[in-house]
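S.K.:
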Amino acid sequence: EINGNNYVYIDPTQLPYDHKWEFPRNRLSFGKTLGAGAFGKVVEATAYGLIKSDAAMTVAVKMLKPSAHLTEREALMSELKVLSYLGNHMNIVNLLGACTVGGPTLVFTEYCCYGDLLNFLRRKRDSFIFSKQEEQADAALYKNLLHSKESSCDSSNEYMDMKPGVSYVVPTKTDKRRSARIDSYIERDVTPAIMEDDELALDLDDLLSFSYQVAKGMAFLASKNCIHRDLAARNILLTHGRITKICDFGLARDIRNDSNYVVKGNARLPVKWMAPESIFSCVYTFESDVWSYGIFLWELFSLGSSPYPGMPVDSKFYKMIKE
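In this note's numbering, the protein residues as written are 251 to 573.
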């Protein structure tokens with residue numbers, strides 16, 4: 251009970267592990283490392299027969315390094331139990347399987363092809379579309395392209411046939427920035443080799459969509475009595491269709507060299523994202539996650555800037571938060 255409010259939270263150590271998630275480790279083929287920290291890493295891998303007997307599926311596999319201690323091994327197992335308990339949600343990085351016997355523990359989840367939202371926002375700063383004039387120009391361009399698509403002139407070199415019934419607009423230099431947004435309007439089915447998402451612009455509607463999706467994901471966590479404790483743009487992943495998925499890659503982040511994590515006691519904490527009660531009283535609640543969500547919104551609409559810019563975490567910072 252905190253401040254007269256009763257809270258019931260899940261205890262990962264008390265959750266059971268459902269062995270239905272077990273997957274043969276010899277059906278995993280490992281690729282490049284996606285992220286690494288002091289004690290763990292996340293590796294891109296191909297899982298064979300995960301959905302269908304012959305199908306290959308790209309997944310993200312979290313594993314420990316040999317330097318990991320008992321606490322890290324317990325943390326990875328706890329994360330596996332929590333993901334198993336939560337079940338599926340569109341705006342959560344969903345569990346796909348695990349290997350807990352016959353070797354080191356491996357936890358694999360959905361692979362999010364565009365990486366974390368923080369770096370995505372920073373990559374998009376120069377192509378961000380905000381003004382109404384640009385939006386109106388986009389709408390006019392869309393109408394022209396749609397009309398051209400309907401007329402389907404075979405002699406035009408503006409379209410590349412990917413497969414029957416599907417075409418893609420190749421933008422000119424003049425219209426590249428605007429036409430990059432066309433996938434928001436026109437159904438597309440193209441491979442990343444034709445056009446990576448990095449070439450597509452970002453607009454205000456995208457930011458509103460991201461904020462709404464993350465709110466839905468956090469509401470889902472709250473409905474399951476789960477507190478995140480480290481909500482930030484760096485812990486949001488982005489995949490096809492600009493779908494955001496909340497994750498926590500704590501084991502795969504080098505917090506020793508990440509300035510977002512400040513030494514406080516024996517721990518490194520993301521102080522600038524933490525609610526006052528979490529900083530000063532070590533209290534974490536659904537409401538403290540809401541505070542972190544507010545900081546996340548600032549990151550989002552500043553296109554990836556660091557919160558409290560130019561302000562070090564020192565006595566003045568703590569005094570400001572208290573006031």
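Backbone N, C-alpha and C fix where the C-beta goes; we use that ideal spot for every residue, glycine too.
Below 8 Å on the Cβ atoms is my contact criterion, and I expect F280 with A295 to pass it. Report the Cβ-Cβ distance as a whole number of Å.
M.R.: Indeed they touch by this definition, with Cβ atoms about 5 Å apart.
S.K.: Under 7 Å between the Cβ atoms of G347 and W271?
M.R.: In contact: G347 and W271 (Cβ atoms closer than 7 Å).
S.K.: Check whether the stretch 485-496 touches the stretch 366-375, counting contact only when three or more Cβ pairs, one atom from each stretch, lie closer than 8 Å.
M.R.: Enough Cβ pairs lie closer than 8 Å, so yes.
S.K.: Quick check on DSSP: helix, strand or coil for L488?
M.R.: Residue state, collapsed to three classes: strand.
S.K.: Would you report the Cα separation of R431 and P266, rounded to the nearest angstrom?
M.R.: Note on R431: pLDDT 35, under 50, position unreliable in the model; the coordinate value appears next. Looking at the two C-alpha atoms, the distance is approximately 45 Å.
S.K.: If we require 4 or more residues per run, which alpha helix (DSSP H) segments fall completely within the stretch 305-375?
M.R.: DSSP runs (the alpha helix (DSSP H)) wholly in the stretch 305-375: 320-336, 367-374.
S.K.: For V292 versus A310, is the C-beta distance shorter than 7 Å?
M.R.: Contact: yes.
S.K.: Are K312 and V357 closer than 7 Å when you measure CB to CB?
M.R.: A contact, by the Cβ cut-off of 7 Å.
S.K.: Following the continuous beta strand (DSSP E) through K522, name the residue where it begins and the one where it ends.
M.R.: Note, K522: premise wrong, no beta strand (DSSP E); not H, not E.
S.K.: Spatial neighbours of P559 within its chain, please: C-beta separation below 8 Å, excluding the five flanking residues on both sides.
M.R.: So the list is empty, once near-sequence residues are dropped.
S.K.: Under a three-way DSSP split, which group does R479 fall into?
M.R.: Three-state DSSP puts R479 in coil, outside helix and strand.
S.K.: Can you check which of these residues, T355, S377, R372, N344, is closest to Y361 by C-alpha distance?
M.R.: For Y361, the nearest C-alpha among the options comes from N344.
S.K.: I need the straight-line Cα distance from L371 to S328, nearest angstrom please.
M.R.: Cα-Cα distance, rounded: 31 Å.
S.K.: Find out if the Cβ-Cβ distance for the pair E586, F289 is shorter than 7 Å.
M.R.: Residue 586 falls outside the range modelled here, since the chain spans only 251 to 573, and no answer is possible.
S.K.: Roughly how many whole angstroms lie between the Cα atoms of L336 and D453?
M.R.: Approximately 32 Å between the Cα atoms of the pair.
S.K.: Which residues bound the alpha helix (DSSP H) around G544?
M.R.: Counting along the chain, the alpha helix (DSSP H) containing G544 begins and ends at 536-551.
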